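Undergrad: Encoded as structure tokens, here's the structure I'll be asking about.
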Amino acid sequence: MALPALGLDPWSLLGLFLFQLLQLLLPTTTAGGGRQGPMPRVRYYAGDERRALSFFHQKGLQDFDTLLLSGDGNTLYVGAREAILALDIQDPGVPRLKNMIPWPASDRKKSECAFKKKSNEELQDSYLLPISEDKVMEGKGQSPFDPAHKHTAVLVDGMLYSGTMNNFLGSEPILMRTLGSQPVLKTDNFLRWLHHDASFVAAIPSTQVVYFFFEETASEFDFFERLHTSRVARVC
């Protein structure tokens, strides 16, 4: 039976629908015959003058591993090897160094790392958390021994919630709550709540809880190959 509004029978209408669906699913083709995938809404090529920021270099510094943007978006805090930097990024162009705190490892700490079979490139003081100029505290369970260990932390109501590695081998993941007036809380490694290869991604506070996002090997399955899965942990 024909459709009076379109003048098409149902089979022709179905064919038209399938053709339009294929047009949407198939990748677009450029004039040169090459295929072009999804493109970002805004893109800049290397050397383009419209790039908001250029490269930043500081003599004698390397391993700019940790970045934190201030709430107003004007300052970028950078954790580098043996130094912490504050960069002014208000104006387009090259970021300007506002302040730098040198943080070299002491000879005693280097000797301790060497005893733990760390190489010279890894002999950095990575587990002391500076609180003020005249006070430091041990950062075990709050910051990683090695910047290569994926970690996360968030400060909520004066309390620090952190997910990191609790030993220099990177085989003892831990979720921990420190600072503030509340008692210290941490996961018990003996109970195996976290697999030894847990890799933390983010910590997001919510109403009266903090959610930790991480990935680890699913130990509850006995497969021939290891199953790596994403997980969410809630700390009340």
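Mind the numbering: the sequence shown is residues -31 to -1, 1 to 205 in mature numbering (1 follows the signal peptide of the UniProt record, and there is no 0), read in order. The beta carbon of each residue, even a glycine, is placed where N, CA and C say it ideally should be. Just so it is clear, the structure is predicted and the values come from calculations on it, not from any experiment.
Once DSSP output is grouped into helix, strand and coil, what is the label at L97?
TA: Here L97 scores only 44 on pLDDT, less than 50, and its place in the model should not be relied on; the value that follows carries that caveat. In this structure, L97 counts as strand in the three-state DSSP scheme.
Undergrad: With distances taken between CB atoms, is the gap from L148 to L129 smaller than 7 Å?
TA: With a cutoff of 7 Å on beta-carbon distance, L148 and L129 are scored as near each other.
Undergrad: Does DSSP put L144 in a helix, a strand or coil?
TA: strand
Undergrad: When the Cα atoms are used, what is the spatial distance from E81 to F137?
TA: 11 Å
Undergrad: Name the residue from L163, Q27 and K109 whose alpha carbon lies nearest to the alpha carbon of E51.
TA: Q27
Undergrad: For P142, count neighbouring Cβ atoms within 10 angstroms of its own Cβ and tell me buried if that reaches 16, exposed if not.
TA: Answer is buried; the Cβ neighbour count reaches 16.
Undergrad: Going by alpha carbons, who is nearest to residue 221 out of D157, Y13, D60 and L30?
TA: The chain is shown only over -31 to 205; residue 221 falls outside these bounds and no answer can be derived.
Undergrad: Can you give the Cα-Cα distance for V47 and L56, rounded to whole angstroms?
TA: 8 Å
Undergrad: For a test of the three-state rule: what should DSSP assign to S168, helix, strand or coil?
TA: strand
Undergrad: Quick one: grab the DSSP three-state call for R77.
TA: Shown here, R77 sits in a helix according to DSSP, grouped into three states.
Undergrad: Please report how far the alpha carbon of K67 lies from the alpha carbon of P73, in whole angstroms.
TA: 19 Å
Undergrad: Apart from the five residues on each side of it in sequence, which residues of its chain come closer than 8 Å, Cβ to Cβ, to H120?
TA: Result list for H120: S112, P113, S131, G132, T133, M134 and F169, in chain order.
Undergrad: Using the C-alpha atoms, what's the distance from Q151 back to L163?
TA: 23 Å
Undergrad: Just to confirm, are Y180 and R203 a CB contact at a threshold of 7 Å?
TA: yes
Undergrad: Compute the Euclidean distance between the alpha carbons of V153 and E18, then round it to the nearest angstrom.
TA: 51 Å
Undergrad: Rounded to whole angstroms, what's the CA-CA distance from Y14 to R161? Just pull it up for me.
TA: 48 Å
Undergrad: Return the CA-CA distance between R65 and F183, expressed in angstroms with no decimal places.
TA: 34 Å
Undergrad: Look up F159 in the DSSP assignment and say whether it is helix, strand or coil.
TA: helix
Undergrad: Output needed for D41: all residues of its chain with C-beta closer than 8 Å, excluding positions within five of it in sequence on either side, in chain order.
TA: none
Undergrad: Hey, H165 and S199: beta-carbon distance below 7 Å or not?
TA: Not a contact, by the Cβ cut-off of 7 Å.
Undergrad: Distance check for S188 and H197, CA to CA, integer angstroms please.
TA: 9 Å
Undergrad: Within 10 angstroms of the Cβ of T(-3), are there 16 or more other Cβ atoms? Answer buried if so, exposed if not.
TA: Low confidence applies here, because T(-3) scores a pLDDT of 47, under 50, leaving its location unreliable and the question unanswered by this model.
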